[in-house]
Amino acid sequence: MSATPTIASDLTARRAEPEARAAGLLGHFEYAGYARAEPPILQPAEPFLDLSGEDIRRRMYLTSDPDGRELCLRPDLTIPVARDYLASAAAGSAAAFCYLGPVFRHREDAPNEFLQAGIESFGRRDSAAADAEVLALALETTAHYGLAAPEIRLGDVGLFAALLGAIDLPAAWKRRLVKDFNRAETLDEDLDRLVLDAAAHPEYQGVLAALAGADRQGARALVADLLSIAGITAVGGRSVAEIAERFLDQAALGNGSRLPQEARELIRRFLGVTGEPDEAAATLRRLAADAAIDMEAAIDLFETRAGFLAARGLDVGAIRFSTRYGRSLDYYTGLVFELHDPGRPGEPHLVAGGRYDGMLSRLGSPAPIPAVGFAAWIERLEQVGGAA
Amino acid sequence: MSASLLIGVPSKGRLQEQAQAFFARAGLRLVQPRGGREYRGSIEGLDVDIAYLSAAEITAQLAQGMLHFGVTGEDLVRERIDNAESRVVLLAPLGFGHANVVVAVPQAWIDVRSMADLDDVATAYHARHDRKMRVATKYVSLARDFFSRHGITDYRIVESLGATEGAPAAGTAELIVDITTTGGTLAANALKVVDDGVILRSQANLVAARAMAWSEAARGTARRMLDRIAARERAERFHEVRTRFPGCNDELLAEARERFGVVPPFGGPTSSGMLTLHCPPGHVYELAELLRTRGAEAVSVIELGYVFTNENPLYAKLEDALK
Numbered sequence: 261m262s263a264t265p266t267i268a269s270d271l272t273a274r275r276a277e278p279e280a281r282a283a284g285l286l287g288h289f290e291y292a293g294y295a296r297a298e299p300p301i302l303q304p305a306e307p308f309l310d311l312s313g314e315d316i317r318r319r320m321y322l323t324s325d326p327d328g329r330e331l332c333l334r335p336d337l338t339i340p341v342a343r344d345y346l347a348s349a350a351a352g353s354a355a356a357f358c359y360l361g362p363v364f365r366h367r368e369d370a371p372n373e374f375l376q377a378g379i380e381s382f383g384r385r386d387s388a389a390a391d392a393e394v395l396a397l398a399l400e401t402t403a404h405y406g407l408a409a410p411e412i413r414l415g416d417v418g419l420f421a422a423l424l425g426a427i428d429l430p431a432a433w434k435r436r437l438v439k440d441f442n443r444a445e446t447l448d449e450d451l452d453r454l455v456l457d458a459a460a461h462p463e464y465q466g467v468l469a470a471l472a473g474a475d476r477q478g479a480r481a482l483v484a485d486l487l488s489i490a491g492i493t494a495v496g497g498r499s500v501a502e503i504a505e506r507f508l509d510q511a512a513l514g515n516g517s518r519l520p521q522e523a524r525e526l527i528r529r530f531l532g533v534t535g536e537p538d539e540a541a542a543t544l545r546r547l548a549a550d551a552a553i554d555m556e557a558a559i560d561l562f563e564t565r566a567g568f569l570a571a572r573g574l575d576v577g578a579i580r581f582s583t584r585y586g587r588s589l590d591y592y593t594g595l596v597f598e599l600h601d602p603g604r605p606g607e608p609h610l611v612a613g614g615r616y617d618g619m620l621s622r623l624g625s626p627a628p629i630p631a632v633g634f635a636a637w638i639e640r641l642e643q644v645g646g647a648a
Numbered sequence: 342m343s344a345s346l347l348i349g350v351p352s353k354g355r356l357q358e359q360a361q362a363f364f365a366r367a368g369l370r371l372v373q374p375r376g377g378r379e380y381r382g383s384i385e386g387l388d389v390d391i392a393y394l395s396a397a398e399i400t401a402q403l404a405q406g407m408l409h410f411g412v413t414g415e416d417l418v419r420e421r422i423d424n425a426e427s428r429v430v431l432l433a434p435l436g437f438g439h440a441n442v443v444v445a446v447p448q449a450w451i452d453v454r455s456m457a458d459l460d461d462v463a464t465a466y467h468a469r470h471d472r473k474m475r476v477a478t479k480y481v482s483l484a485r486d487f488f489s490r491h492g493i494t495d496y497r498i499v500e501s502l503g504a505t506e507g508a509p510a511a512g513t514a515e516l517i518v519d520i521t522t523t524g525g526t527l528a529a530n531a532l533k534v535v536d537d538g539v540i541l542r543s544q545a546n547l548v549a550a551r552a553m554a555w556s557e558a559a560r561g562t563a564r565r566m567l568d569r570i571a572a573r574e575r576a577e578r579f580h581e582v583r584t585r586f587p588g589c590n591d592e593l594l595a596e597a598r599e600r601f602g603v604v605p606p607f608g609g610p611t612s613s614g615m616l617t618l619h620c621p622p623g624h625v626y627e628l629a630e631l632l633r634t635r636g637a638e639a640v641s642v643i644e645l646g647y648v649f650t651n652e653n654p655l656y657a658k659l660e661d662a663l664k
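Protein chains in written order, with the numbering used here: chain A, 261 to 648; chain B, 342 to 664.
Here it is as structure tokens:
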């Protein structure tokens, strides 16, 4: 140590602490059996645009190579790690990875380049156990940064999917509910106000409804034939059959139809389930029994996961579960969670993740591969203060 | 640049003609130096340089603060300039170059009428086809913002370089966001506008750049120019109506004001009942009838050339924006 510190050494000293902390975190993950992954910073843009939607495009740093291939500076690390896994010999078998590195997103009042750490677990068939392991490591992440008891928000989008799958509702309603569940945090308030509008002219709705009721196949064929007679062919990617089907669906719904009362009550009751996981599971079983619907598989998985969490010594009673918690990315399929700093309410999450069994298929895997993991926001964790 | 004010004007086609006519109506004649460079010009009697550029270039230069003013379409401003309100100010719509930016789908989509329908179709399409429905457009920002406001996320934008309206038929997209004037091109391509799918009703605007250096001289010239434009604009909104009869009093003026929106530019009726009013052209006949029923023998009406006032709302707007 020199007697007169220079600017360089002062800066180095100040940078060293956060770097050391992050390196320590990764050492922790590696010790738990997660191999260090270091995917390239420059990635193809397509997978991110496909999985994350147009909103993310606005915030992405895009470029292209001379061949015209659209590339980007990676806005996250989950997709790059997943792509490397799929391209490797390990694709399809169980594998576990951890990562730490910069990601790039255009943001108004924050640095556009920031560090993310995280883990990914691919290919494990014992979903509940894998979920518990990932959540446990997430808690160890916040502990590493000095937060021993973060606020744990837990959800399970598989439960909502199971509920919708078990009840009898027109397809248009199911699509609408899934969309609103993923987007709005106020789905239960909106239930009474949810209205589907039919595009069909009210004048011939009755006729169409009668046709569709009497002979669905015939009705579809009729609409398709009428369209061809009018000289309309399949313009764009939708087939005449697709259009006819949806057109008749809407006629069946009628104009400005509201969500059927029974379904509304059931969903409202479902969305009201919050609290400790064990209590929640019991409530959900009662709900399913009362409505005479089968949600066994999803609730079993939920309970098994809670069991594994307890077996790991986690205080399950401290977990705040709510059926309402979803994630805005539609490839989440089961467990979803966020860890927050209870001392700074209203601030965004420190760690977030969940299960995304559909993601690897969307990235090109011929068969579905289970996947679960989380991402940790180093800049936010650093603000919690105090190294472990 | 030798003059104190630099204005970008469209360099060719209808837009150039109409911009020229707009300035001419305000008494500002655009001239090009004989045998001189085609891309430079000036305005007679004003300390102004004109740069003839494409509408796209004008938009870009306004954003960068390389021009004081420009004539360009609102659609280009909102599409090409990020956070447009902070970089430029749309001073006045010019009454030409009308076009709408719209969401258009194939006429074959008889089950789609509103953006809410489109939202549902997007989700259904994605589930069925294993990829998201594609929207072809040159207006990437406008399209993205509009779809986002309607809560639609299940789609992909395909940037269009040429004839956007041909994309669905060519199979490169399912629907489009495009600019339309008569709707003829859309119909010719078997496309229809979604009911609540009008993103922007655009027209040519006089646009000022906040980032440009606005010297005292520049502001002075701008004031003179905007004065004439405002005077012309005010004149086009009214006809002048004059009359004189004993029954012409303040109550009558109040009634005319309320019913027809008239203004008395030179004060109320004189003691001899003489009155000059500015009246919206559409109400002139009714006003004349009212005055005659109250006793006027004669009511004269003339079209106005200019109406100069002390207030200049255009300059006030500019000054406000440049603070």
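The beta carbon of each residue, even a glycine, is placed where N, CA and C say it ideally should be.
Are residue i and residue j close, meaning C-beta to C-beta below 8 Å?
i: A:L610; j: A:R572; result: no
i: A:V596; j: A:R584; result: no
i: A:L333; j: A:Y321; result: yes
i: A:R318; j: B:R485; result: yes
i: B:A392; j: B:L347; result: yes
i: B:F586; j: B:C620; result: no
i: A:A523; j: A:I427; result: yes
i: A:L544; j: A:L346; result: no
i: A:D509; j: A:A431; result: yes
Could you check the C-alpha separation between residue i and residue j for me, to the nearest Å?
i: A:D452; j: A:I638; result: 41 Å
i: B:A508; j: B:D416; result: 21 Å
i: B:D306; j: B:R575; result: Outside the shown range of chain B (342 to 664) lies residue 306 of chain B, about which nothing can therefore be said.
i: A:Y405; j: A:E642; result: 7 Å
i: A:Q521; j: A:M555; result: 20 Å
i: A:G383; j: A:F562; result: 19 Å
i: B:S395; j: B:V350; result: 8 Å
i: A:D369; j: A:D310; result: 27 Å
i: A:G418; j: B:A545; result: 52 Å
i: A:R281; j: A:A403; result: 12 Å
i: A:L285; j: B:A425; result: 44 Å
i: B:L516; j: A:N442; result: 25 Å
i: A:A557; j: A:A342; result: 27 Å
i: B:R551; j: B:M407; result: 10 Å
i: A:C358; j: A:A635; result: 10 Å
i: A:D386; j: A:A356; result: 14 Å
i: A:T401; j: A:Y592; result: 22 Å
i: A:V632; j: A:I339; result: 12 Å
i: A:E607; j: A:L407; result: 15 Å
i: A:S488; j: B:L527; result: 20 Å
i: B:F488; j: B:T494; result: 7 Å
i: A:A351; j: A:S582; result: 34 Å
i: B:H624; j: A:R435; result: 54 Å
i: A:I316; j: A:A305; result: 11 Å
Among all the DSSP beta bridges, which residues are the ones paired with residue i?
i: A:D376; result: Per the sequence shown, the amino acid found at residue 376 of chain A is Gln instead of Asp. In the DSSP output, where bridge partners are listed per residue, A:Q376 has A:G361, A:W637.
i: A:I412; result: A:I579, A:L599
i: B:R497; result: B:R475
i: B:N441; result: B:T521, B:R542
i: A:S381; result: A:A356, A:V632
i: A:Y321; result: A:L333
i: B:M615; result: B:R585
i: A:P304; result: A:L331
i: B:I643; result: B:E581
Inset, instruction - Counting only runs of 4+ residues fully inside the stretch 519 to 578 of chain B, write out the alpha helix (DSSP H) ranges in chain order. - result: Segments of the alpha helix (DSSP H) lying fully in the stretch 519 to 578 of chain B: 525 to 529, 557 to 578.
Legend entry - Length-filtered (4 minimum) alpha helix (DSSP H) runs lying within the stretch 342 to 402 of chain B: 354 to 366
Legend entry - Residue ranges of each alpha helix (DSSP H) within the stretch 404 to 429 of chain B, 4 or longer: 415 to 421, 425 to 428
Inset, instruction - Please determine if the stretch 654 to 662 of chain B and the stretch 630 to 641 of chain B are in contact, where contact requires at least 3 C-beta pairs separated by less than 8 Å. - result: Cβ pair count under 8 Å is below three, so no.
Legend entry - Stretch-stretch touch, CB-based, cutoff 8 Å, three pairs: the stretch 465 to 476 of chain B with the stretch 396 to 405 of chain B: no
Inset, instruction - Kindly confirm or deny that the stretch 435 to 454 of chain B and the stretch 530 to 547 of chain B touch, where touching means at least three C-beta pairs closer than 8 Å. - result: Yes, the stretch 435 to 454 of chain B is in contact with the stretch 530 to 547 of chain B.
Inset, instruction - Evaluate the contact criterion for the stretch 563 to 573 of chain B versus the stretch 363 to 373 of chain B: three or more CB pairs, one atom per stretch, below 8 Å. - result: Segments in contact, yes.
Inset, instruction - Please confirm if the stretch 444 to 452 of chain B is in contact with the stretch 581 to 595 of chain B, defined as three or more CB-CB distances below 8 Å between the two stretches. - result: Taking 8 Å as the limit for Cβ pairs, the verdict is that the stretch 581 to 595 of chain B does not touch the stretch 444 to 452 of chain B.
Legend entry - Secondary structure, alpha helix (DSSP H): runs of 4+ residues fully inside the stretch 519 to 548 of chain A: 521 to 531
Inset, instruction - Jot down the residue ranges of each uninterrupted beta strand (DSSP E) in the stretch 272 to 297 of chain A, minimum 3 residues, whole runs only, in chain order. - result: Runs of the beta strand (DSSP E) inside the stretch 272 to 297 of chain A: none found.
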